[in-house]
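Enquirer:
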Amino acid sequence: MHYTTNGNGPVVILIHGLFGDLDNLKALGKSLEDSFTVVRVDVANHGSSKKVSSMTYLSLAEDIKRLIETLKVNSAILVGHSMGGKIAMATALSYPGLVNKLVVADIAPVSYNSRHDKVFEALESMPLNQIKDRRDALEHMRAHDIDEGTAQFLLKSLVRRDQGFKWKMNLTGLKQSYSDIISWPTFTSPYQGACLFIRGGDSDYVTSAHRNAIIEQFPTVKAKTIEGTGHWLHAQKASIFNRMVKDFITNK
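This is the structure in structure tokens:
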């Protein structure tokens, strides 16, 4: 697993969401570096991490477990957004002794319906050897009905190569694993550690329908809403999000 480390203090591992990379939570990481050792990761099939044909939350949790062992610490604080939140939750439920505290951003421990078909179509059909610059790439995304904010986020994973462009992420592996990414496994015991869920007030990823599933698996949970934000709450109101996370992981 590819990762970067900055700062000093207790270890905090930041885990990005689907189609992202370790830079997605960089602003949060910078806000924590004065008090914590911040580890930002590329999840499998993203950024510079390994390419795999299968991504399950059990295997992704094992990746985080191995990382904690590599860092030679007894436990870590996990912060994850969207798919990264699911990875963080799966790690806490699978290896509770390794997770000191848990912060989950705008995702619930449940299975979701498919909602990325348009995105996969736009990414897979990008004419990587024909586009001349990122403006061409953005026009392609718009033509596939991808909104501006989502398109700009996705294009962060588009990088130049000798002739044309390439995706940093492994689209084939992500598409093969998509049914596992939107699903949620069954765990035998709840996570009893300190846990904070932060949702976007305008997002439909965490709703009242998910309340019981959250409480059953994370009975000590605290919940906060950032009004006026959608699924990208950590970017839309970064200062508020960063403060919420820092206050929670700092206070005993």
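Quick note: the sequence shown uses the numbering used here, first residue 334, plus one each step.
Backbone N, C-alpha and C define an ideal beta-carbon position, used for all residues, glycine too.
What you are looking at is a predicted structure, and each value in this text was computed from that prediction instead of being measured.
1) Going by the CB atoms, is the gap between residue 368 and residue 575 shorter than 8 Å?
2) Kindly indicate the opening and closing residues of the beta strand (DSSP E) around residue 493.
3) Between the alpha carbons of residue 525 and residue 495, how many angstroms are there, rounded?
4) May I ask you to list the residues that DSSP assigns as paired with residue 532?
5) So the candidates are 389, 470, 361 and 546; which of them puts its Cα closest to the Cα of residue 569?
6) Let me know the secondary structure DSSP gives residue 390 once reduced to three states.
7) From residue 498 to residue 465, what distance separates their C-alpha atoms?
8) I need the DSSP call for residue 539, collapsed to helix, strand or coil.
9) Assign residue 551 to one of three DSSP states: helix, strand, or coil.
10) Please return the same chain residues whose Cβ sits closer than 6 Å to the Cβ of residue 507, not counting the five positions on each side in sequence.
11) State the DSSP-derived secondary structure class of residue 567, mapped to helix, strand or coil.
12) To the nearest whole angstrom, what separates the beta carbons of residue 529 and residue 436, a pair I think is in contact under 8 Å?
13) Determine the DSSP secondary structure at residue 410, reduced to helix, strand or coil.
14) Taking buried to mean at least 16 other C-beta atoms within 10 Å of its own C-beta, is residue 476 buried or exposed?
15) Less than 8 Å between the CB atoms is what I'm expecting for residue 376 and residue 417, so what's the real figure, rounded?
16) Compare the C-alpha of residue 573 against each of 474, 438, 503 and 467 and name the closest.
17) Leaving out the 5 sequence neighbours to the left and right, which residues in its chain are closer than 7 Å to residue 381 when beta-carbon positions are compared?
18) Inspect the beta-carbon positions of residue 523 and residue 552 and report whether they are closer than 8 Å.
19) Which residues does DSSP pair with residue 499 in a beta bridge?
20) So is residue 503 buried or exposed if we call it buried at 16+ other beta carbons inside 10 Å?
21) Mind checking residue 542: buried by the 16 CB within 10 Å criterion, or exposed?
22) Report yes if the CB atom of residue 370 is closer than 8 Å to the CB atom of residue 413, and no otherwise.
23) Sorted by chain position, which residues of the same chain lie with C-beta nearer than 8 Å to residue 546's C-beta, five sequence neighbours on each side aside?
Expert: In short, the structure shows the following:
1) no
2) 491 to 493
3) Taking the Cα positions, residue 525 is about 51 Å away from residue 495.
4) In the DSSP output, where bridge partners are listed per residue, residue 532 has 558.
5) 361
6) The DSSP-derived three-state label of residue 390 is helix.
7) 9 Å
8) coil
9) coil
10) 378
11) Under the three-state reduction of DSSP output, residue 567 falls in the helix class.
12) The C-beta distance from residue 529 to residue 436 rounds to 5 Å, short enough to fall under 8 Å.
13) Three-state result, residue 410: strand.
14) exposed
15) That belief holds up - the Cβ atoms of residue 376 and residue 417 are roughly 7 Å apart, short of 8 Å.
16) 438
17) Only 335 and 375 meet the Cβ criterion.
18) yes
19) DSSP lists 492 as the bridge partner or partners of residue 499.
20) buried
21) exposed
22) no
23) 441, 442 and 443
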